[in-house]
Every structure is written in structure tokens, then in C-alpha cells.
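Accompanying notes for the structure given below.
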Amino acid sequence: MRTTDAAPRILEVLGCGGRGLRVTFTWDEDRFGHEIACLEGRSVTVCLRAELGTQQDPWPASPALQQLSLEELQPGRPRALLLGMAGKSHWSQSVEADAATASLTFDVACRVQRQPRWLGSSYRTLHDDWGSSAREGRIAVGAGVELSVEPAADSLPSRIERAGDLLVIAAGLRTLRFPSTVRWKYRITVV
Numbered sequence: 117m118r119t120t121d122a123a124p125r126i127l128e129v130l131g132c133g134g135r136g137l138r139v140t141f142t143w144d145e146d147r148f149g150h151e152i153a154c155l156e157g158r159s160v161t162v163c164l165r166a167e168l169g170t171q172q173d174p175w176p177a178s179p180a181l182q183q184l185s186l187e188e189l190q191p192g193r194p195r196a197l198l199l200g201m202a203g204k205s206h207w208s209q210s211v212e213a214d215a216a217t218a219s220l221t222f223d224v225a226c227r228v229q230r231q232p233r234w235l236g237s238s239y240r241t242l243h244d245d246w247g248s249s250a251r252e253g254r255i256a257v258g259a260g261v262e263l264s265v266e267p268a269a270d271s272l273p274s275r276i277e278r279a280g281d282l283l284v285i286a287a288g289l290r291t292l293r294f295p296s297t298v299r300w301k302y303r304i305t306v307v
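Just add 116 to the spot in the sequence shown (first one is 1) and you have this note's numbering.
Put into C-alpha cells, the structure is as follows:
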């Protein structure tokens, strides 16, 4: 499948104030990528684009995901479920929309056979009024609107760092027994 072969698939969440988030999944070469946009009224501002890596990367910049299903597992709580692999590692990711908090929660896991050099999710910031001077995990969309990117409350330890226009959520890599599953979970919220 080439980039143009598949129509984008969208998961949206709107909070009670009319602000929300949209994640748009698109096929890119051999895996799904995604963009995250802030919604305010009719305005749509793309803020983050996942950095994917290539099929030669055993430890890509973001999860290598080749299968996608959009589901509503509970009424009013849409979710994207994704699976994939890179090298000998198997990936899974769920993205859940929560209207009560106008947030998207990403729950990612990777089954590894050996010590990873890197595991995490990387994003290019596309619209950030603050640039690298922003607080860790904050992106200024404009007109007083920000996105907050933080570890989910029930998450295992992970780091969120900014380097210029790159936002990185790095999984906490501890001493592992192999095979092992590494998991990280983060929430993106409109504030």
C-alpha cells in the first residue's frame, strides 16, 4: 500500500467548551502514521506529526503499526486499536478519546526479544507559538490554547522531552528479562 492508497481514518474528541482534538491516521510506505490537531469551533490546527522511521530501523522513532481498527468499545468512547512489528519486535497501541477531559490517551506496548536501544513515541511540532522555550510537555496553539502532553496517571515511568521542534516520549527502559514487554502511556489534553 502506498501513501495515497488508503483514505485517512479519524478519531475525534470534543470537550464541553467546543475545544477538542483530532488524530488522523494515514498510511505511509509500510506503516500508519498520525497527526494530532487542535479543534476550536471550525478551526483545525495540526500541532503534532508522528516521526516514523523506516523499515530498516529495528527501533523506530515511533511504533511501527501496520493494522488499524476504529472501535467504540463503550458508548461515547471511541478508540483506535493498532498492531504492527519492526525487526523481531511486536507493537500494539490503543488511542482512546475522552470527552470529559477533551483528551486522547495513547497506551503503547512493545514485545522485545533483546535489549532495545530506544523505545518511545516521537513527534514533530508543526504549530507551536512558544517553540523550545515552552514548559516540558506544553505546546502553544495560539489564542490562549495549549496542548498538554504528560504521562498518563496509571503509566509506568517515561520521559517527555523537547529538543527544538521534536517532542519525545521515551519509555522507561529498566533491566529486562527476555523476552519482555515494555509499555508507556501518555495523555494529550487541550488546556
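Cβ coordinates follow ideal geometry from the N, Cα and C atoms, glycine included. Given the structure is predicted, the values throughout are model-derived calculations rather than measurements.
Residue interval of the beta strand (DSSP E) (run including residue i)
i, result
"residue 173", "First-last for residue 173: undefined, no H or E at that position."
"residue 141", "135-144"
"residue 301", "296-306"
"residue 370", "In the structure as shown, the chain starts at 117 and stops at 307, and residue 370 therefore has no counterpart that could be examined."
"residue 127", "125-130"
"residue 275", "274-279"
Min CB distance residue i to chain B below 8 Å
i, result
"residue 174", "Absent from the structure is chain B; it holds one protein chain and no more."
Distance, residue j Cα to residue i Cα
i, j, result
"residue 283", "residue 239", "5 Å"
"residue 279", "residue 216", "31 Å"
"residue 134", "residue 191", "20 Å"
"residue 248", "residue 212", "The predicted model places residue 248 with a pLDDT of 46, which falls under 50 and marks its position as unreliable; any figure quoted below should be read in that light. Rounded to whole angstroms, residue 248 to residue 212 spans 28 Å at the Cα level."
"residue 250", "residue 159", "Since pLDDT at residue 250 reaches only 49, below the 50 mark, its modelled position is unreliable, and the value read off the structure follows with that caveat. Approximately 23 Å between the Cα atoms of the pair."
"residue 295", "residue 231", "9 Å"
"residue 128", "residue 271", "23 Å"
"residue 161", "residue 220", "16 Å"
"residue 123", "residue 140", "10 Å"
"residue 65", "residue 126", "Because the chain here runs from 117 to 307, residue 65 falls outside it and cannot be looked at."
"residue 241", "residue 189", "30 Å"
"residue 130", "residue 210", "18 Å"
"residue 257", "residue 289", "32 Å"
"residue 263", "residue 204", "34 Å"
"residue 168", "residue 254", "21 Å"
"residue 218", "residue 194", "12 Å"
Residue of the options minimising C-alpha distance to residue i
i, options, result
"residue 269", "260, 305 and 281", "305"
"residue 223", "129, 123, 298 and 144", "298"
"residue 137", "182, 124, 163 and 145", "163"
"residue 292", "263, 307 and 228", "228"
"residue 300", "218, 275 and 188", "275"
"residue 186", "193, 197 and 177", "197"
"residue 68", "199, 233 and 255", "Since the first residue shown for the chain is 117 and the last is 307, residue 68 is missing from the structure and cannot be characterised."
"residue 243", "153, 145, 144 and 149", "153"
DSSP beta-bridge partners of residue i
i, result
"residue 185", "197"
"residue 148", "143"
"residue 207", "200 and 226"
"residue 267", "302"
"residue 241", "164"
"residue 178", "Answer is none; residue 178 lacks a bridge partner."
"residue 256", "262"
"residue 235", "In the DSSP output, where bridge partners are listed per residue, residue 235 has none listed."
"residue 220", "213 and 304"
Expected contact under 8 Å - CB spacing of residue i and residue j to nearest Å
i, j, result
"residue 261", "residue 156", "6 Å"
"residue 180", "residue 202", "4 Å"
"residue 200", "residue 172", "Incorrect: roughly 15 Å between the Cβ atoms, too far for contact."
"residue 277", "residue 302", "Actually they are not in contact, since the Cβ atoms of residue 277 and residue 302 sit about 12 Å apart, beyond 8 Å."
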